[in-house]
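Asks:
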Amino acid sequence: MHVTIGENVPITQKDNQRPFPGLMSFGEKNKAAFGGRDAEIKELFNLVENHRLTIVFGKSGIGKTSLINAGLIPQLQKNFYLPIYCRIDFSSEKKPIDQLKAIISQKVKLSDKASPEIGNRTLWEYFSENNIMDGIVKPVIILDQFEEIFTVGRDKNQEAFLTELSDLAENRIPLVVQKQYENTAEMISLKFQDQHYRVIISLREDYLAQLESLKARLPSIKDSRFRVEQLTVEQAMDAVLKPAGNLADEAVAAQIIKKLPGLSDHVFGPQYADHANTVKVLIEPFLLSLICYQVNEKRIDQKMEKITAELVLQFDISNVIRTFYNDTLQSFDVNISQMIENTLLTESGYRKLQSLEELERDYNVNAADIQKLIESRIIRKELRDDVEYVELIHDVLVPVIKEQRNKRLIEKNEQEKNKAIKRGIELYRLKRNR
Numbered sequence: 357m358h359v360t361i362g363e364n365v366p367i368t369q370k371d372n373q374r375p376f377p378g379l380m381s382f383g384e385k386n387k388a389a390f391g392g393r394d395a396e397i398k399e400l401f402n403l404v405e406n407h408r409l410t411i412v413f414g415k416s417g418i419g420k421t422s423l424i425n426a427g428l429i430p431q432l433q434k435n436f437y438l439p440i441y442c443r444i445d446f447s448s449e450k451k452p453i454d455q456l457k458a459i460i461s462q463k464v465k466l467s468d469k470a471s472p473e474i475g476n477r478t479l480w481e482y483f484s485e486n487n488i489m490d491g492i493v494k495p496v497i498i499l500d501q502f503e504e505i506f507t508v509g510r511d512k513n514q515e516a517f518l519t520e521l522s523d524l525a526e527n528r529i530p531l532v533v534q535k536q537y538e539n540t541a542e543m544i545s546l547k548f549q550d551q552h553y554r555v556i557i558s559l560r561e562d563y564l565a566q567l568e569s570l571k572a573r574l575p576s577i578k579d580s581r582f583r584v585e586q587l588t589v590e591q592a593m594d595a596v597l598k599p600a601g602n603l604a605d606e607a608v609a610a611q612i613i614k615k616l617p618g619l620s621d622h623v624f625g626p627q628y629a630d631h632a633n634t635v636k637v638l639i640e641p642f643l644l645s646l647i648c649y650q651v652n653e654k655r656i657d658q659k660m661e662k663i664t665a666e667l668v669l670q671f672d673i674s675n676v677i678r679t680f681y682n683d684t685l686q687s688f689d690v691n692i693s694q695m696i697e698n699t700l701l702t703e704s705g706y707r708k709l710q711s712l713e714e715l716e717r718d719y720n721v722n723a724a725d726i727q728k729l730i731e732s733r734i735i736r737k738e739l740r741d742d743v744e745y746v747e748l749i750h751d752v753l754v755p756v757i758k759e760q761r762n763k764r765l766i767e768k769n770e771q772e773k774n775k776a777i778k779r780g781i782e783l784y785r786l787k788r789n790r
């Protein structure tokens with residue numbers, strides 16, 4: 357079930373020995389450990405405060421959900437907003453609009469028991485008529501993973517959902533409300549109070565074109581947009597040190613960062629202290645989080661109190677990626693690894709798009725497998741001209757997958773050679789015994 361109330365799945369963390377989430381998202385409970393995004397949190401909060409609708413977008417795996425849950429939501433709460441985090445399950449039999457209203461109703465009730473039920477009212481009516489906690493707080497509806505409306509949610513009871521969402525975001529009096537007042541002398545504008553809510557839509561960057569298709573309903577989607585980008589070296593240092601606490605110092609954090617592809621001592625040189633003359637080096641958050649997690653697991657395994665520079669030096673990023681990929685694929689049937697190796701890499705070893713329909717047909721892959729691969733940060737999905745495609749999430753996976761493919765082909769050739777030799781021996785024996 358992808359509907360989440362209040363926060364996304366938090367880091368699984370029994371104690372402070374495992375502060376790094378790996379490929380999981382930071383949740384509200386982990387706000388103190390969420391680093392590297394202070395400037396973005398402030399900028400995004402200002403956009404939300406000054407616009408009724410804000411669009412948050414970025415590449416897959418860039419950390420949008422963590423930024424919202426561990427960064428923006430605590431900031432909203434400190435400033436008397438009521439964040440209502442929602443991820444609609446478009447594969448559910450329950451209609452999207454009913455899911456959204458249930459989430460809103462539950463969250464509002466937790467904050468203000470005296471608030472009325474939504475009932476048959478539209479979202480616009482509900483937030484117009486309902487002063488949560490006597491108007492002390494302003495609700496903020498946060499729709500995460502919104503790209504799913506263009507993939508699994510296509511043609512699945514979208515109309516009511518989009519109509520009510522767009523009326524709310526645009527502060528547009530719904531047609532059903534207008535009809536109620538057609539034959540009365542009462543002015544609608546006098547009955548309903550000012551709108552003190554906000555709406556946030558978060559989605560992957562490659563679905564912005566599909567979002568533009570809704571601009572007739574949601575003309576304000578162009579007014580307030582925030583792009584989540586990769587981390588700078590300075591941000592990456594903060595992203596390592598803040599969750600690490602006493603487990604790592606600045607020198608160790610720098611060693612971890614230098615393990616990432618394309619980075620070395622030069623990014624910490626004197627020229628990088630002068631921000632005006634610094635070439636911007638961008639770091640993939642999910643790769644940084646992955647290596648931090650793996651290094652810390654090694655520390656725990658070796659019963660060390662802290663992460664040391666010597667421990668980090670033992671790590672090869674290719675081995676970290678290899679371990680991540682192999683461990684992830686262990687939970688899938690063998691046809692999934694063959695699908696990835698055969699179809700998502702060119703013969704020479706480059707990422708390529710592959711239509712989802714062909715994968716389902718040729719490798720017996722189902723929607724659950726694809727979703728699990730997406731959530732595991734192995735692949736991402738893209739919609740082009742109403743056709744769904746998938747591709748590897750990052751080039752860093754390519755050498756590992758190519759290596760696995762070559763190994764499998766060598767083993768296959770060896771098996772076929774052995775079979776041929778065995779058949780040859782059997783034929784020779786048959787002829788000799790005649």
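According to my numbering, the sequence shown is numbered sequentially starting from 357. By construction, the Cβ of each residue, glycine as well, lies at the ideal position given by its N, Cα and C atoms. Every value quoted in this text rests on a predicted model; they were computed, and no experiment measured them.
Does the region 396-405 touch the region 453-466, meaning 3 or more C-beta pairs lie closer than 8 angstroms?
Replies: no
Asks: In angstroms with no decimal places, state the Cα-to-Cα distance between Gln686 and Lys615.
Replies: 25 angstroms
Asks: If you measure between the beta carbons of Gln514 and Pro452, is that distance less than 8 angstroms?
Replies: Yes, they are a contact pair.
Asks: For Pro755, which three-state DSSP category applies?
Replies: helix
Asks: Would Ile497 and Phe446 qualify as a contact pair, given that the criterion is a beta-carbon distance under 8 angstroms?
Replies: no
Asks: What residues in its chain sit with their C-beta under 8 angstroms from that of Ile692, if we drop five residues either side in the sequence?
Replies: Taken in chain order, the residues that qualify are Leu685, Tyr719, Val721, Asp725 and Leu729.
Asks: Whole angstroms are fine: how far does the CA of Tyr649 sit from the CA of Ile656?
Replies: 11 angstroms
Asks: Can you look up Leu715 in the DSSP assignment and give me helix, strand or coil?
Replies: helix
Asks: Kindly identify the DSSP beta-bridge partner or partners of Cys442.
Replies: Leu499
Asks: Mind checking who Phe413 pairs with in its DSSP beta bridge?
Replies: For Phe413, which the question treats as bridged, DSSP gives the partners Leu559 and Arg583.
Asks: Would you say the beta carbon of Thr684 is closer than 7 angstroms to some non-hydrogen atom of the ligand SAM?
Replies: This structure lacks the ligand SAM, and indeed carries no ligand of any kind.
Asks: Taking DSSP as the reference, what is the three-state secondary structure of Val746?
Replies: strand
Asks: Check whether the region 464-471 touches the region 526-533, counting contact only when three or more Cβ pairs, one atom from each stretch, lie closer than 8 angstroms.
Replies: no
Asks: Check whether the region 577-586 and the region 601-617 are in contact - that is, three or more C-beta pairs closer than 8 angstroms.
Replies: No contact exists between the region 577-586 and the region 601-617.
Asks: For Leu603 versus Lys662, is the C-beta distance shorter than 8 angstroms?
Replies: yes
Asks: Tell me the DSSP secondary structure of Glu661 in three-state form.
Replies: coil
Asks: What residues in its chain sit with their C-beta under 7 angstroms from that of Phe642, if we drop five residues either side in the sequence?
Replies: Leu379, Gly417 and Arg733
Asks: Run through DSSP, which three-state label would Leu701 get?
Replies: strand
Asks: How is the alpha helix (DSSP H) around Ala388 delimited, first residue to last?
Replies: Run containing Ala388: none; DSSP gives neither H nor E here.
Asks: From Thr478, Ile612 and Glu384, pick the residue whose C-alpha is nearest to that of Leu531; which is it?
Replies: Check the Cα spacing between Leu531 and each of Thr478, Ile612 and Glu384: the tightest is with Thr478.
Asks: Any idea if Gln566 is buried or exposed, counting beta-carbon neighbours within 10 angstroms, 16 or more meaning buried?
Replies: Under the 10 Å beta carbon count, Gln566 is surrounded by 16 or more other beta carbons and is classified as buried.
Asks: Ignore the nearest five residues each way along the sequence and tell me which others in Ile440's own chain have a CB closer than 7 angstroms to its CB.
Replies: Taken in chain order, the residues that qualify are Ile459, Ile460, Lys463, Pro495, Val496, Ile497 and Ile498.
Asks: Between the region 704-715 and the region 768-779, are three or more C-beta pairs nearer than 8 angstroms?
Replies: no
Asks: I'd like the list of long-range same chain contacts for Ile673, defined as Cβ closer than 6 angstroms, with 5 residues on each side in sequence excluded.
Replies: Lys615
Asks: Alpha carbon to alpha carbon, how far is Gly392 from Val493? Give it in angstroms, no decimals.
Replies: 28 angstroms
Asks: If we count the other Cβ atoms within 10 Å of its Cβ and call it buried at 16 or more, is Gln760 buried or exposed?
Replies: Flag for Gln760 reads buried.
Asks: Tell me which residue opens and which closes the alpha helix (DSSP H) that Val464 is part of.
Replies: Pro452 to Ser467
Asks: Can you tell me which of Val589, Asn762 and Trp480 puts its alpha carbon nearest to the alpha carbon of Arg554?
Replies: Trp480
Asks: What are the start and end residues of each continuous alpha helix (DSSP H) run of 4 or more residues lying completely inside the region 515-544, in chain order?
Replies: 531-536
Asks: Which word fits Thr702, buried or exposed, when buried means at least 16 other C-beta atoms lie within 10 angstroms of its C-beta?
Replies: exposed
Asks: Could you tell me the boundaries of the alpha helix (DSSP H) in which Arg394 lies?
Replies: A small fix is needed here, since residue 394 is Asp in this sequence, not Arg. Segment Asp394 to Asn406, the alpha helix (DSSP H) holding Asp394.
Asks: Output needed for Leu564: all residues of its chain with C-beta closer than 7 angstroms, excluding positions within five of it in sequence on either side, in chain order.
Replies: Closer than 7 angstroms at the Cβ level, and outside the excluded window around Leu564, lie Phe413.
Asks: Would a C-beta distance cut-off of 8 angstroms place Ile677 and Val756 closer than the cut-off?
Replies: yes
Asks: I believe Met660 touches Leu669 by the beta-carbon criterion, under 8 angstroms. Please report the beta-carbon distance rounded to the nearest angstrom.
Replies: A Cβ-Cβ separation of about 14 angstroms leaves Met660 out of contact with Leu669 under the 8 angstroms criterion.
Asks: Sort out for me which residues DSSP pairs Lys737 with in a bridge.
Replies: Val746
Asks: Around the Cβ of Val690, are there at least 16 other Cβ atoms within 10 angstroms (buried) or fewer (exposed)?
Replies: exposed
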